[in-house]
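Enquirer: Below you'll find the structure I mean.
In our numbering, the protein residues as written are 367 to 599.
In C-alpha cells form, the structure reads like this:
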C-alpha cells in the first residue's frame with residue numbers, strides 16, 4: 367500500500383516543507399533493503415520517513431527541531447498505514463540527549479544547503495534551510511555519531527555545495543560510496559547530487575540521472591525510480 371502526496375499535510379506556518387523533487391528523489395533512491403532502523407534527520411513534515419516506511423520494514427525515527435513541523439510530521443505518521451513503525455522526536459539533533467546514544471543502519475537527510483542568499487521571514491523555514499544554523503561540519507559529525515559501523519547515510523544537495531561538504535566529510539571520517547549527478551533536463555549540467563556515505567572507504571560508483579527529457583516529460587529512469595510514489599507514473 368502506498369500513500370498519496372496529495373494527502374500530505376504541511377503545517378500552517380510553512381515550516382513543514384512542501385513535497386519537493388529533492389525529497390522525492392532522495393526517498394526513492396536511498397538503498398534501504400538492508401536497513402533495520404532508519405533515522406530521518408531534520409524530518410520536516412515526514413516525507414522521507416513515509417517513503418522509507420513504504421519501501422522497507424525498518425523502524426523509523428524522525429527528528430525535527432521545529433515544533434510546527436514536528437506536529438505536521440506526527441499528523442502524517444498517524445494518517446499513514448505504517449504508524450506503528452514511525453515515531454517523531456521534537457528535539458535538536460545536536461543535543462547529546464536527543465537520541466540517547468542510538469545508532470541507525472540508515473540515515474536520510476535533505477540537509478540545509480542554502481549557504482548564501484536571503485533568509486526566509488519565517489523563522490522555522492529559515493532555520494531549516496540555511497547552513498547558518500547547522501554547518502556541514504556539524505551535520506557530518508551527526509552522521510558519524512548516529513550511523514552504525516556498517517550503516518549508510520543518504521543525502522541530496524546542490525552541486526555547488528559539494529566541495530564544502532566533502533571537506534566536512536574528512537573531519538568526520540566518512541566516505542562517499544555512491545554519487546549520482548542529477549540534471550533537471552537531459553543534456554543540461556547537473557544541478558543536484560545524490561550521495562551515499564559509509565564509514566568504510568571504497569571506490570564510489572558514479573552515475574547520472576536526468577529528471578525530464580527535452581520535451582518536458584519524465585525520463586524513463588526518473589519514472590522507474592519514482593513510479594511507486596507518483597500516482598500518474
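Ideal Cβ positions, reconstructed from N, Cα and C, are used throughout, including at glycine.
Would you list the residues sitting across from residue 507 in a DSSP beta bridge?
Expert: Taking the first residue of the chain shown as 1, we reach residue 507 at position 141. According to DSSP, which records beta bridges pairwise, residue 507 is partnered with nothing at all.
Enquirer: Put residue 424 into one of helix, strand or coil per three-state DSSP.
Expert: Indexing the chain shown from 1 puts residue 424 at position 58. Coil, per DSSP.
Enquirer: On the criterion of 16 or more Cβ atoms from any shown chain inside 10 Å, does residue 543 qualify as buried, or is it exposed?
Expert: Against the chain shown, residue 543 aligns to sequence position 177. So residue 543 ends up on the buried side.
Enquirer: Find the nearest neighbour of residue 392 within the set 418, 410, 399, judged by alpha-carbon distance.
Expert: The count along the chain shown starts at 1 and reaches residue 392 at position 26. The shortest C-alpha separation from residue 392 is found at 418.
Enquirer: Rounded C-beta distance between residue 510 and residue 540? I'm assuming under 8 Å.
Expert: Indexing the chain shown from 1 puts residue 510 at position 144. Indexing the chain shown from 1 puts residue 540 at position 174. Contact holds; Cβ gap of about 6 Å.
Enquirer: Per the DSSP calculation, residue 520 is bridged to which residue(s)?
Expert: As a working note, residue 520 is residue 154 in the chain shown. BP columns for residue 520 point to 474, 562.
Enquirer: Comparing alpha-carbon positions, which option in 531, 514, 516, 526 lies nearest residue 500?
Expert: Within the chain shown, residue 500 is the residue found at index 134, counting from 1. Nearest of 531, 514, 516, 526 to residue 500, Cα basis: 531.
Enquirer: Using a Cβ distance threshold of 8 Å, determine whether the region 437-446 contacts the region 457-477, with at least three qualifying pairs required.
Expert: Segments in contact, no.
Enquirer: Compute the beta-carbon to beta-carbon distance between residue 407 and residue 508, rounded to the nearest angstrom, for a pair I have assumed lies under 8 Å.
Expert: By 1-based counting over the chain shown, the position of residue 407 is 41. By 1-based counting over the chain shown, the position of residue 508 is 142. Right, their Cβ atoms sit about 6 Å apart.
Enquirer: Grab me the residues of residue 513's own chain with a C-beta within less than 7 Å of its C-beta, minus the 5 sequence neighbours each way, in chain order.
Expert: As a working note, residue 513 is residue 147 in the chain shown. Around residue 513: 469, 470, 473, 519, 565.
Enquirer: Which word fits residue 437, buried or exposed, when buried means at least 16 other C-beta atoms lie within 10 angstroms of its C-beta?
Expert: Sequence index remark: in the chain shown, residue 437 carries index 71 (1-based). Counting Cβ neighbours within 10 Å, residue 437 comes out buried, since at least 16 surround it.
Enquirer: For residue 386 and residue 411, I'd like the C-alpha separation in whole angstroms.
Expert: For the purposes of this step, residue 386 is taken as residue 20 along the chain shown, with counting starting at 1. For the purposes of this step, residue 411 is taken as residue 45 along the chain shown, with counting starting at 1. Residue 386 and residue 411 have their C-alpha atoms roughly 11 Å apart.
Enquirer: Return helix, strand or coil for residue 451, following the three-state DSSP convention.
Expert: By 1-based counting over the chain shown, the position of residue 451 is 85. Correct three-state label for residue 451: helix.
Enquirer: Assign residue 449 to one of two classes, buried (16 or more other C-beta atoms within 10 Å of its C-beta) or exposed (fewer than that).
Expert: If you number the chain shown from 1, residue 449 lands on position 83. The residue is exposed, with fewer than 16 neighbouring Cβ atoms inside 10 Å.
Enquirer: Take residue 455 and list the residues in its own chain whose beta-carbon comes closer than 6 Å to its own, dropping the five residues that flank it on each side.
Expert: Residue numbering aside, residue 455 sits at position 89 when the chain shown is read from its first letter. For residue 455, where only same-chain residues beyond five positions count, the Cβ hits under 6 Å are 429.
Enquirer: Based on the DSSP secondary-structure assignment, which residues constitute the bridge partners of residue 584?
Expert: Within the chain shown, the letter at position 218 stands for residue 584. Residue pairing from DSSP places residue 584 in a beta bridge opposite 578.
Enquirer: Leaving out five residues before and five after residue 487 in sequence, what residues of the same chain have Cβ atoms less than 8 Å from its Cβ?
Expert: Here residue 487 corresponds to residue number 121 of the chain shown, with the count starting at 1. Caution is warranted here: a pLDDT of 43 is assigned to residue 487, below 50, making its placement in the model unreliable, and no coordinate value can be reported.
Enquirer: Where does the unbroken beta strand (DSSP E) through residue 550 begin, and where does it stop?
Expert: If you number the chain shown from 1, residue 550 lands on position 184. Segment 541-551, the beta strand (DSSP E) holding residue 550.
Enquirer: At the level of alpha carbons, what is the spacing between residue 483 and residue 528?
Expert: Taking the chain shown and counting its residues from 1, the one referred to as residue 483 is at position 117. Taking the chain shown and counting its residues from 1, the one referred to as residue 528 is at position 162. Note on residue 483: pLDDT 38, under 50, position unreliable in the model; no value is reported.
Enquirer: Residue range of the beta strand (DSSP E) that residue 403 falls in?
Expert: Taking the chain shown and counting its residues from 1, the one referred to as residue 403 is at position 37. Note, residue 403: beta strand (DSSP E), 403-407.
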